[in-house]
Amino acid sequence: MNWDEFSHWGKSISDWAADYHKTLSERPVRAQTQPGNIAAQLPVSPPDGGEAMETIMGDFERIVMPGMTHWQHPRFFAYFPANAAPPSMLAEMLVTTIAAQCMLWQTSPAATEVETVMIDWLRQALDLPEGYCGVIQDSASSATLSAVLTMRERATGFTGNREGLATKGNLRIYCSNQVHSSIDRACWVTGIGQDNLVKLPTTGPRHAIDTKALQAAIVADRAAGHIPAGIIAITGGTGIGACDDLAPVLKIAQQEDLYTHLDAAWAGSAMICPEFQQDFWAGVDGYDSIVFNPHKWMGAQFDCSVQFLRDADPQLNTLKIEPEYLKTSGAAVTNYSEWTIPLGRRFRALKIWFLIRAYGLDGLRSRIRNHVTWATEVCEAIRALDGFEIVTEPILSLFSFRCPGDDDAQQRLVDALNEDGRIYLTQGTFAGRKIIRFQVGQFDTTRKDVMMAADVIRDVWSKLA
Ligand SMILES: *Cc1c(COP(=O)(O)O)cnc(C)c1O
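Under my numbering, think of the first position of the sequence shown as 270, with each following residue one higher.
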């Protein structure tokens with residue numbers, strides 16, 4: 270392909286993109302295909318000769334598009350969102366075009382310096398105190414893994430990387446039973462082990478970790494000769510939005526000299542609103558590591574996960590490695606690849622810069638406020654449906670409900686809704702029962718889209734019953 274052809278196809282694809290987004294709400298939200306349908310349409314072997322772009326694009330429309338679930342659909346109420354605001358997409362096009370690998374300052378100074386400034390813009394937006402620095406990672410899973418590795422190294426006097434874990438005893442990590450599976454996996458792959466992840470019960474309307482049980486578990490572990498290494502708190506758990514009381518958890522960590530990580534992967538975006546900071550974020554000052562995903566609710570295209578650090582040194586002492594071929598001479602600079610597990614890194618900060626400038630924090634705040642308000646409204650509409658029950662009340666823009674009937678009935682309703690295609694929901698469990706999760710957060714959703722969901726649920730339910 271020459272650059273004139275590239276220019277032609279680039280324009281035609283950007284027109285396609287605008288049309289796609291303008292007509293998205295006419296498509297079923299979830300892909301309506303069976304496993305294997307798409308693969309069956311692809312040739313089993315690669316072509317030896319090149320093919321025309323017309324043919325490739327035609328097959329993209331014909332084969333690939335019917336197999337896509339539309340995350341940018343305004344009636345996507347499943348999981349948590351993966352929003353991609355238009356200015357963020359444009360920034361990604363530029364990043365893709367320049368295609369720099371930004372592992373060191375020297376390999377793209379602008380990428381490093383924009384990242385440093387964007388981390389500080391976000392620090393201010395989330396009202397974290399001065400002094401916090403941070404790094405942009407691909408996912409919250411990677412940020413959490415970095416934090417758990419840091420817990421491990423700190424608790425072993427930074428000898429685990431060198432000596433291995435054979436003589437280190439049982440390192441223990443504490444969290445509530447509402448944490449995301451990425452915390453379990455971080456404990457698996459750091460060698461700490463699932464059995465040393467101590468999951469504690471929750472209390473209160475926001476399902477916060479029981480701090481008495483937390484304190485007692487640490488004391489009992491020390492008595493048993495185990496080595497407490499860290500505490501992981503949550504603001505906005507994935508299942509039902511559980512939020513820990515940040516200040517008392519931090520106090521215990523400080524008394525016990527434990528490293529702290531706060532998982533706010535989803536709810537962190539809402540902390541750009543002062544009223545939500547007040548309500549959910551009190552006591553955040555002092556957490557050693559905090560992760561939130563601008564790629565979920567805020568509007569930065571996937572992938573983009575911000576890890577704030579109170580002090581970068583423990584994580585750098587855990588992850589930094591500098592073979593000769595990565596050494597650069599000259600003034601002291603930040604090399605962000607020393608802060609993370611992968612060496613290679615994309616220029617992810619550009620989309621944050623475009624996003625925040627295009628909307629302003631106020632533009633982003635008003636979307637999040639609307640989502641929270643509309644979630645409360647649609648929750649009331651579902652509560653009013655005959656025989657329906659709200660299982661967990663809205664926390665920010667997430668709540669869960671049940672239709673009349675047993676667990677199988679819940680799954681039948683979810684499946685029927687997703688086959689209907691007008692909305693997209695997923696199931697979960699709470700207190701041993703199957704629930705249907707509902708979250709509002711798609712960037713361009715409207716009140717009408719959200720309220721329509723209650724009508725669709727009633728309609729689909731009445732046909733099932
Ligand atoms: C989505 C989510 C994660 C995982 O995020 P990734 O970026 O996909 O790794 C972790 N914790 C919580 C609370 C989440 O909502």
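Glycine included, each C-beta is placed from N, C-alpha and C at the ideal position. These numbers were taken from a predicted model, which means no experiment stands behind them.
Residue i, buried or exposed, once every other Cβ within 10 Å from all chains shown has been counted against 16
{"i": "F275", "result": "exposed"}
{"i": "E323", "result": "exposed"}
{"i": "P497", "result": "buried"}
{"i": "I705", "result": "buried"}
{"i": "W374", "result": "buried"}
{"i": "R615", "result": "buried"}
{"i": "F561", "result": "buried"}
{"i": "S357", "result": "buried"}
{"i": "E384", "result": "buried"}
{"i": "H277", "result": "exposed"}
{"i": "S635", "result": "exposed"}
{"i": "W457", "result": "exposed"}
{"i": "P350", "result": "buried"}
{"i": "Q680", "result": "exposed"}
{"i": "S736", "result": "There is no way to answer for residue 736, as the model of the chain reaches only from 270 to 734."}
{"i": "Y594", "result": "exposed"}
{"i": "L363", "result": "exposed"}
{"i": "A287", "result": "exposed"}
{"i": "I692", "result": "buried"}
{"i": "R431", "result": "exposed"}
{"i": "A600", "result": "exposed"}
{"i": "V488", "result": "exposed"}
Spatial distance of residue i from residue j (CA atoms)
{"i": "A746", "j": "P470", "result": "Past the boundaries of the shown model lies residue 746; the chain is included only from 270 to 734, so the question cannot be answered."}
{"i": "W730", "j": "L682", "result": "7 Å"}
{"i": "I664", "j": "K520", "result": "24 Å"}
{"i": "P517", "j": "T480", "result": "7 Å"}
{"i": "M326", "j": "S281", "result": "10 Å"}
{"i": "R441", "j": "A409", "result": "21 Å"}
{"i": "E662", "j": "F668", "result": "5 Å"}
{"i": "D453", "j": "G462", "result": "8 Å"}
{"i": "F261", "j": "D580", "result": "In the structure as shown, the chain starts at 270 and stops at 734, and residue 261 therefore has no counterpart that could be examined."}
{"i": "G319", "j": "E330", "result": "19 Å"}
{"i": "Y528", "j": "T419", "result": "8 Å"}
{"i": "L483", "j": "R421", "result": "19 Å"}
{"i": "I388", "j": "P316", "result": "45 Å"}
{"i": "A354", "j": "A551", "result": "29 Å"}
{"i": "Q547", "j": "I625", "result": "22 Å"}
{"i": "D676", "j": "A653", "result": "20 Å"}
{"i": "D728", "j": "E295", "result": "18 Å"}
{"i": "E591", "j": "Q711", "result": "41 Å"}
{"i": "A536", "j": "I637", "result": "10 Å"}
{"i": "Q341", "j": "T695", "result": "16 Å"}
{"i": "P543", "j": "P304", "result": "45 Å"}
{"i": "L588", "j": "Y605", "result": "11 Å"}
{"i": "A485", "j": "G473", "result": "19 Å"}
{"i": "G279", "j": "L293", "result": "21 Å"}
{"i": "V553", "j": "D273", "result": "52 Å"}
{"i": "L741", "j": "W622", "result": "A query on residue 741 cannot be resolved here, the shown segment of the chain reaching from 270 to 734 and no further."}
{"i": "E525", "j": "Y443", "result": "12 Å"}
{"i": "G656", "j": "S445", "result": "32 Å"}
{"i": "L633", "j": "S558", "result": "24 Å"}
Contact check, residue i vs residue j, beta carbons under 8 Å
{"i": "G506", "j": "H449", "result": "yes"}
{"i": "N306", "j": "M567", "result": "no"}
{"i": "I332", "j": "Q301", "result": "no"}
{"i": "V298", "j": "H339", "result": "yes"}
{"i": "V641", "j": "M720", "result": "no"}
{"i": "Q447", "j": "G499", "result": "no"}
{"i": "A511", "j": "R475", "result": "yes"}
{"i": "L397", "j": "I541", "result": "no"}
{"i": "L414", "j": "I726", "result": "no"}
{"i": "D513", "j": "A502", "result": "yes"}
{"i": "T365", "j": "T603", "result": "no"}
{"i": "A685", "j": "K620", "result": "no"}
{"i": "I651", "j": "A723", "result": "yes"}
{"i": "Q406", "j": "Q584", "result": "no"}
{"i": "G613", "j": "M337", "result": "no"}
{"i": "P343", "j": "D689", "result": "no"}
{"i": "L434", "j": "G400", "result": "no"}
{"i": "S377", "j": "A368", "result": "no"}
beta-carbon residue i near ligand 2 non-hydrogen atom, thresh 7 Å
{"i": "F549", "result": "This structure simply doesn't include ligand 2; it includes ligand 1 instead."}
Query raised in the report: Which residue spans inside the segment 301-366 form an unbroken alpha helix (DSSP H) run of at least 4?
Result: The segment 301-366 contains, as complete alpha helix (DSSP H) runs of 4+ residues, the segments 322-328 (chain order).
* What residue ranges within the segment 369-444 form continuous alpha helix (DSSP H) runs of no fewer than 4 residues, ordered along the chain? -> Listed in chain order, they are 378-394, 409-424, 429-432.
task = Scan the segment 472-499 and note each continuous alpha helix (DSSP H) run of 4 residues or more that stays entirely inside, going in chain order.
result = For the alpha helix (DSSP H) assignment, the uninterrupted runs of no fewer than 4 residues enclosed by the segment 472-499 are, from N- to C-terminal side, 480-492.
- request: Kindly provide the ranges of any beta strand (DSSP E) runs that are 3 or more residues long and lie completely inside the segment 502-581, ordered along the chain.
  value: At a cut-off of 3 residues, the continuous stretches assigned as beta strand (DSSP E) that sit fully inside the segment 502-581 are 528-532, 558-561, 574-578.
Mind pulling the alpha helix (DSSP H) runs of 4 or more residues that sit fully within the segment 603-691? Runs of the alpha helix (DSSP H) inside the segment 603-691: 618-652, 676-689.
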